[in-house]
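Position one of the sequence shown corresponds to residue 52 (my numbering), numbered consecutively onward.
Here's the structure we're looking at; comments come further down.
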Amino acid sequence: MGELMRLDRDGPVGVLRFLSPERRNPYSIAFVEALIANLRQAEKEDAIRAVVMTGGEHFSSGGDLVGFRAEIAKGARATSQMVDTVHDGGRAAYQFKKPLIAAVNGIAYGAGLSLALSADIVVAAEDARLCEVFAKVGGCPDTGSSWLLQQRAGAGVARMLVLTGREIDGRTACELRVVEECVPAGEVENRAIEIAREIAAHPAFGMHTAKRVMRAAAECSYLEALEIERDAQSVLLCAHDFPEAMKAFQEKRPPRFKDC
């Protein structure tokens with residue numbers, strides 16, 4: 052597990068590094084297991100307030116098709132179980148409680164692109180190569196990309212990218228709103244860490260709640276979103292951070308948050 056992934060600590064930022072860029076970090080079962088274990092570890096450590104995922108020269112080439120062949124050969128039931136296991140990686144990333152930022156260099160194909168899109172924010176290199184490759188291999192979207200891509204870029208752009216299997220670079224991805232920021236290749240990781248530090252400066256309880264509210268609101272109606280916001284905000288307004296912020300404002304001093 053250790054040779055596939057490593058969780059580094061950079062102050063309040065955890066940097067989750069994929070360690071097989073020469074193989075383009077294939078999204079194998081072992082990769083999924085390492086991803087889940089490292090995200091769980093990052094979630095347990097209070098000192099880590101935001102996490103950056105990076106694959107170095109390449110983010111991820113997507114599903115390990117060669118490695119999956121043995122399970123596929125066993126039939127539909129074994130294949131379904133395998134796909135569900137692969138999906139556990141996306142679940143772990145999407146449900147990660149702390150802010151998660153993907154730093155994408157090189158290739159992000161198929162499940163690799165899905166993993167990047169499961170993050171809260173995606174920073175891509177201008178020359179990164181992103182592709183919903185499923186149609187080219189006779190498959191359909193999996194690892195959450197059918198939903199994640201539509202959430203970010205809208206239904207029309209999502210259908211175009213999925214049905215054509217077209218590869219786009221980081222600049223185009225930013226123009227289509229598939230990713231949030233696009234920078235030169237040598238600046239991707241630093242920019243992602245910079246954003247993570249900006250986020251990590253905020254009170255943790257409110258930050259975690261804000262992420263949960265944003266995710267829940269994206270999946271419901273406007274009126275349902277108001278109820279989600281009401282319930283969450285009612286807790287935060289009575290918690291320790293917001294009252295301290297109000298007191299500090301009144302006393303014209305910087306707030307002294309307890310969990311920062």
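Beta carbons: idealized from backbone N, C-alpha and C, even for Gly.
Owing to the predicted nature of the structure, the values given are computational and were not obtained by experimental measurement.
Query: Whole-number beta carbon distance between LEU181 and GLU218, since they are thought to touch under 8 Å; Result: 7 Å
Query: Separation of THR223 from GLY257, as counted between CA atoms; Result: 34 Å
Query: Simplified DSSP assignment, three categories, for ASP193; Result: coil
Query: Delimiting residues of the alpha helix (DSSP H) encompassing PRO90; Result: Checking the sequence shown, residue 90 turns out to be Leu, not Pro. First-last of the alpha helix (DSSP H) with LEU90: 80-95.
Query: Paired residues, beta bridge with SER165 - DSSP; Result: Answer by DSSP bridge pairing: none, since SER165 is not bridged.
Query: Rounded straight-line distance, which links the Cα of ALA296 to that of MET52; Result: Bear in mind that the predicted position of MET52 carries a pLDDT of just 44, short of 50, making it unreliable; the figure below should be weighed with that in mind. Rounded to the nearest angstrom, the two C-alpha atoms are 43 Å apart.
Query: VAL155 beta carbon less than 9 Å from that of VAL102; Result: no
Query: Given 8 Å, three or more beta-carbon pairs between the stretch 126-134 and the stretch 90-98; Result: no
Query: Proximity to GLY93 [Cα-Cα], best of PHE82, ALA144, ILE250 and VAL173; Result: The sequence given here places Ala at residue 93; Gly does not occur at that position. Residue ALA144 is the option with its Cα nearest to ALA93.
Query: Own chain, CB closer than 7 Å to ALA252, minus 5 neighbours either side, in chain order; Result: none
Query: Endpoints, beta strand (DSSP E) assigned at LEU181; Result: 180-182
Query: Cβ contact check for the stretch 230-247 and the stretch 269-285: 3 or more pairs under 8 Å; Result: no
Query: Contacts around GLY114, its chain only, beta-carbon distance under 6 Å, and the 5 residues preceding and following it disregarded; Result: TYR78, GLY161 and ALA162
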